[in-house]
Amino acid sequence: MRDGRRWLVVMLAALVLALGGTAVAWGQSFSDIREDDWFMTPVEELFAAGIVQGYADGTFHPYDTVTRAQFAAMMDRALPLPDVQELPFADVAVSEWYYSSVGRLYNAGLIFGLSSTSFAPESGIAREQAASMVLRGLNYRLSMEPVEGLSLDLSPEEVQAWLGTVRDRWYVSDSHRGNVANAIRLSVMTGSTEQRFYPMLTLTRAQAAGIVHRALFVPVEVATETPVAVPPDGYEQLKRGSSGPMVSYLQEHLASLGYKVGTVNGEYGESTKDAVMAFQKVERLARDGEVGPEVWGALVAAQRPAPRLSRNGTRVEIDLTKQVLFYIQNNVVTEILPVSSGAPGWGTRPGVFRVFRKVVDWDTSPLGFLYYPAYFDGGIAIHGAWDVPPWPASHGCVRIPVWATVSLYNRLFVGIVVDVYFS
Numbered sequence: 308m309r310d311g312r313r314w315l316v317v318m319l320a321a322l323v324l325a326l327g328g329t330a331v332a333w334g335q336s337f338s339d340i341r342e343d344d345w346f347m348t349p350v351e352e353l354f355a356a357g358i359v360q361g362y363a364d365g366t367f368h369p370y371d372t373v374t375r376a377q378f379a380a381m382m383d384r385a386l387p388l389p390d391v392q393e394l395p396f397a398d399v400a401v402s403e404w405y406y407s408s409v410g411r412l413y414n415a416g417l418i419f420g421l422s423s424t425s426f427a428p429e430s431g432i433a434r435e436q437a438a439s440m441v442l443r444g445l446n447y448r449l450s451m452e453p454v455e456g457l458s459l460d461l462s463p464e465e466v467q468a469w470l471g472t473v474r475d476r477w478y479v480s481d482s483h484r485g486n487v488a489n490a491i492r493l494s495v496m497t498g499s500t501e502q503r504f505y506p507m508l509t510l511t512r513a514q515a516a517g518i519v520h521r522a523l524f525v526p527v528e529v530a531t532e533t534p535v536a537v538p539p540d541g542y543e544q545l546k547r548g549s550s551g552p553m554v555s556y557l558q559e560h561l562a563s564l565g566y567k568v569g570t571v572n573g574e575y576g577e578s579t580k581d582a583v584m585a586f587q588k589v590e591r592l593a594r595d596g597e598v599g600p601e602v603w604g605a606l607v608a609a610q611r612p613a614p615r616l617s618r619n620g621t622r623v624e625i626d627l628t629k630q631v632l633f634y635i636q637n638n639v640v641t642e643i644l645p646v647s648s649g650a651p652g653w654g655t656r657p658g659v660f661r662v663f664r665k666v667v668d669w670d671t672s673p674l675g676f677l678y679y680p681a682y683f684d685g686g687i688a689i690h691g692a693w694d695v696p697p698w699p700a701s702h703g704c705v706r707i708p709v710w711a712t713v714s715l716y717n718r719l720f721v722g723i724v725v726d727v728y729f730s
């Protein structure tokens, strides 16, 4: 009995011994880990077993984001895997230190790429991705060395029940739901103090060590009683002035979808507001530049927008209905910006044009002062402006945010196609 609940403690003693997981006597191995840090024991035991490594200066960097390559290396060292055969990932070179680790895990079916040809080894690993990787690793081990009383098979009802212990369960991706449920059931991963799992946030090196330690190194605890559900709830409202990990995730996720966010720094400033505004326009949501339940929900299923037309080369599309600009390279939307086109009576003319003249810095025109204008239809230009409201408000030009202007201007070469249309 523990806290009035029955628990089955499954002892993986043989596995622990195989990994060198006996009681370890040590001096403190890393100068940046204190004896009262919650992760000291996992890090020290995994270090003694050769599963985690530190840096040449004697530090571990516990609060740094763990990369997908580093997490793969931890799992590789913790599992008896066959030799690497071949890899389909163009971004994992044979010369890289993590090539063999990624290869062995991939060949064993324990990891997948972000696409058929990309693993993104230097990117941080999301919590739900880590749950799936480590649970596949545990299942792989159990397939070779079964442990009585331990099964990773969950019914759909059991998956729902265990996910019901975290308030943000609807944000767990469909492909990871079963593994996240098992990670919670086995106490491999837990929710936060406010009962949220935050599936999209990245892990620190300390957290990654703790997960590998609990899943693949020490006895696994399996709860045998049905968990108690908590009411579902979303995330906090984010707006200008917000900061923290959720803002960093928001910036990273929007950038991965093609939205121009400026610097990913965890600070919700003007550039983040503009990126959110562009996302809201594309997804046809209320345009307020803030992240509430509607935006959080849309982010879960959002995909990078596709161009209106399929053409080679570099071009620009301006959607007058959605009030956004798409910068397109070889049929991939690589940048999305919010715009404000011509107000009623000054409507921006739809059609296919080309940039024919550019002016550096501020230009004086009959329509006013234009910042770094790129003219494509007579006196009509794409230009920077301090005021870019969510609706058409210009005298016919296409306004974009000042902070993003110079970067785009440098890529709007004379002759580039500008396709202006209503969707």
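Residue numbers (the numbering used here): 308 to 730.
Where is the CB? At the ideal position from N, CA and C, for every residue including glycine.
Just so you know, these numbers come straight off a predicted model, no measurement behind them.
Buried versus exposed, by CB contacts within 10 Å (16 or more), residue i
i	result
Leu616	exposed
Gln558	buried
Val667	exposed
Phe378	buried
Thr712	buried
Ser531	The residue you asked about is not Ser; residue 531 is Thr in the sequence shown. Under this definition Thr531 is an exposed residue.
Arg484	buried
Asp726	buried
Gln360	exposed
Val598	buried
Residue j beta carbon less than 8 Å from that of residue i
i	j	result
Arg656	Asp684	yes
Lys588	Gln636	no
Val454	Leu493	no
Ile491	Trp477	no
Met382	Leu421	no
His520	Leu353	yes
Leu510	Ala437	yes
Phe337	Thr366	yes
Gly444	Thr374	no
Leu523	Leu386	yes
Gly498	Thr533	no
Ala650	Ala700	yes
Tyr542	Asp475	yes
Ala380	Ser408	yes
Asn486	Leu417	no
As assigned by DSSP and simplified to three states, the class of residue i
i	result
Ala379	helix
Asp684	strand
Asp540	coil
Ser462	coil
Ile491	helix
His690	strand
Val323	Any answer about Val323 is weak, because its pLDDT of 38 lies below 50 and its placement is not dependable; what the coordinates show is given next. Val323 falls in the helix class under three-state DSSP.
Ile643	strand
Asp726	strand
Ile518	helix
Lys665	strand
Ser701	strand
Ala437	helix
Phe586	helix
Thr533	coil
Pro708	strand
Leu677	strand
Thr655	coil
Gly410	helix
Tyr566	strand
Asp626	strand
Val602	helix
Tyr556	helix
Residue i versus residue j - alpha carbon distance
i	j	result
Leu618	Phe720	Residue identity differs from the one stated: residue 618 is Arg in this sequence, not Leu. Distance between the alpha carbons of Arg618 and Phe720 is about 17 Å.
Gly722	Cys704	18 Å
Arg434	Leu606	17 Å
Gly576	Asp390	48 Å
Met507	Ser672	47 Å
Val495	His690	52 Å
Arg611	Ser563	8 Å
Ala321	Glu393	In this prediction, Ala321 scores a pLDDT of 37, lower than 50, which makes its location untrustworthy; the coordinate-derived value is nonetheless stated afterwards. Going from the Cα of Ala321 to the Cα of Glu393 covers about 31 Å.
Arg591	Gly565	17 Å
Val646	Pro696	8 Å
Phe676	Phe729	26 Å
Trp710	Gly551	22 Å
Ser549	Glu574	6 Å
Phe419	Asp670	51 Å
Asp398	Val640	21 Å
Gly328	Arg448	Low local confidence applies: a pLDDT of 37 at Gly328 is under 50, so the model's placement there is unreliable, with the coordinate-based value given in what follows. So the alpha carbons of these two residues sit roughly 16 Å apart.
Ser482	Arg664	49 Å
Asp626	Ala613	12 Å
Glu461	Gln467	One detail in the question is off: residue 461 reads as Leu in this sequence, not Glu. Looking at the two C-alpha atoms, the distance is approximately 10 Å.
Ile518	Glu465	22 Å
Ile687	Lys580	26 Å
Neighbour flag for residue i against chain D, beta carbons, 8 Å
i	result
Ala490	Although the question refers to chain D, the structure presented lacks it and comprises just one protein chain.
CB-CB length for residue i against residue j, believed under 8 Å
i	j	result
Leu459	Asn489	6 Å
Ala516	Phe346	6 Å
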